[in-house]
Amino acid sequence: MQRFELSIFGRVQGVLFRQSVRRHGEKLGLAGWVRNEDDGSVRVLVEGEPAALEEFTRWCREGPPLARVDRIAVEEKEATNEFTDFRIL
1 MQRFELSIFG
11 RVQGVLFRQS
21 VRRHGEKLGL
31 AGWVRNEDDG
41 SVRVLVEGEP
51 AALEEFTRWC
61 REGPPLARVD
71 RIAVEEKEAT
81 NEFTDFRIL
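Following the UniProt record's numbering, the numbering of the sequence shown begins with 1 at its first residue and continues without gaps.
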């Protein structure tokens, strides 16, 4: 089990990015949360198996069709197993 914290920058608000992140995370069996930040970015805290997290991160670099991802920062954290689902905050 691993935990990643992602900060995603670009045109990522108002384009169904959070909903798409949740849907893709659930599809991969991941748990955590996604939220909009005041600076226009999206922040994700997610836990799961390493291979699923790598696939999730690859997907986040592209995002849904209406989004434009300019930059993504990924930080690995210690997993806590505190999440049971994937939420939009």
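Heads up, the beta-carbon is just placed ideally off N, CA and C, and yes, glycines get one too.
Local Cβ density within 10 Å of residue i, reported as buried at 16 or more and exposed below that
{"i": "residue 32", "result": "buried"}
{"i": "residue 30", "result": "buried"}
{"i": "residue 45", "result": "buried"}
{"i": "residue 63", "result": "buried"}
CB of residue i within 9 Å of CB of residue j, strictly
{"i": "residue 43", "j": "residue 6", "result": "yes"}
{"i": "residue 28", "j": "residue 10", "result": "no"}
{"i": "residue 13", "j": "residue 36", "result": "yes"}
{"i": "residue 3", "j": "residue 78", "result": "yes"}
Distance between residue j and residue i (C-alpha atoms, nearest Å)
{"i": "residue 59", "j": "residue 25", "result": "10 Å"}
{"i": "residue 1", "j": "residue 21", "result": "19 Å"}
{"i": "residue 72", "j": "residue 85", "result": "23 Å"}
{"i": "residue 52", "j": "residue 15", "result": "24 Å"}
{"i": "residue 69", "j": "residue 34", "result": "15 Å"}
{"i": "residue 87", "j": "residue 23", "result": "10 Å"}
{"i": "residue 41", "j": "residue 17", "result": "10 Å"}
{"i": "residue 38", "j": "residue 8", "result": "12 Å"}
{"i": "residue 82", "j": "residue 50", "result": "17 Å"}
{"i": "residue 61", "j": "residue 74", "result": "11 Å"}
At which residue ranges does the UniProt domain "Acylphosphatase-like" (3 to 89) contain complete alpha helix (DSSP H) runs of 4 or more residues, listed in the order of the chain?
17 to 27, 50 to 62
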